[in-house]
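Heads up, the thing below is written out as structure tokens.
In the numbering used here, the protein residues as written are 40 to 274.
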């Protein structure tokens, strides 16, 4: 794609100047104050999922310059991200600061899932969140392979609005407080019958027995994961 679009030189400059295999000091400071991030995962077949994670500042913990960890709170029980990680350890994290610096940070790496007991055994100084609904059901620990900037060009500058009424209902099972049937999907459920995703070539039926996890690819010497693999093929 770089050859076809004539961007190879520009991409090589980005790799050389912006892509790190660790979190430097400014990146670690940035991570420590974020209240949300977007997570990309894929299963062993390459079927993708993206999701949103949020919590108080610092809920995405910087354990060291090559390791991040975040708690998994109570959710809808689907476990799409965790299930994907069990099959394919590769993850992509995107943090965007809409409020202050209007900049983003990409982190690509490999993840493993630990119980809360296992996590606190490895990191006994980890704080316990006292808020109801923010008790970690498990933890995801991410080993950093690549960290690089997301430019501010199209990031909107937003402003926080004070909460009105009761605070956030962390961990609530109240249907309406979680958003209710905002998109009308529940109203259509009786018409469409039980959900089953469309078949993919070579893909076994839904809810199949889990297979062996996908081994992570060899670590790239430079460059963003997908494009650096294209560069290695080209060379």
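Glycine included, each C-beta is placed from N, C-alpha and C at the ideal position.
When rounded, the separation of the alpha-carbon atoms in residue 218 and residue 192 is 31 Å. Looking at the DSSP output, residue 191 bridges to nothing.
Residue 44 sits in a helix when the DSSP states are folded into three classes. For residue 65, the three-state secondary structure derived from DSSP is helix. Shown here, residue 88 sits in a strand according to DSSP, grouped into three states. For the pair residue 46 and residue 55, the Cα-to-Cα distance works out to about 14 Å. Take the alpha-carbon of residue 187 and the one of residue 87: they are about 22 Å apart.
The beta carbons of residue 142 and residue 84 sit no closer together than 9 Å.
Counting along the chain, the unbroken alpha helix (DSSP H) around residue 125 starts and ends at 119 to 126. Residue pairing of residue 109 in beta bridges, as defined by DSSP: 179. Assignment of residue 213 by DSSP, reduced to helix, strand and coil, places it in the coil class.
Restricting attention to 103, 174, 178 and 77, the CA atom closest to the CA of residue 93 is found in 77. Cβ atoms of residue 121 and residue 162 stay farther apart than 8 Å, at about 19 Å.
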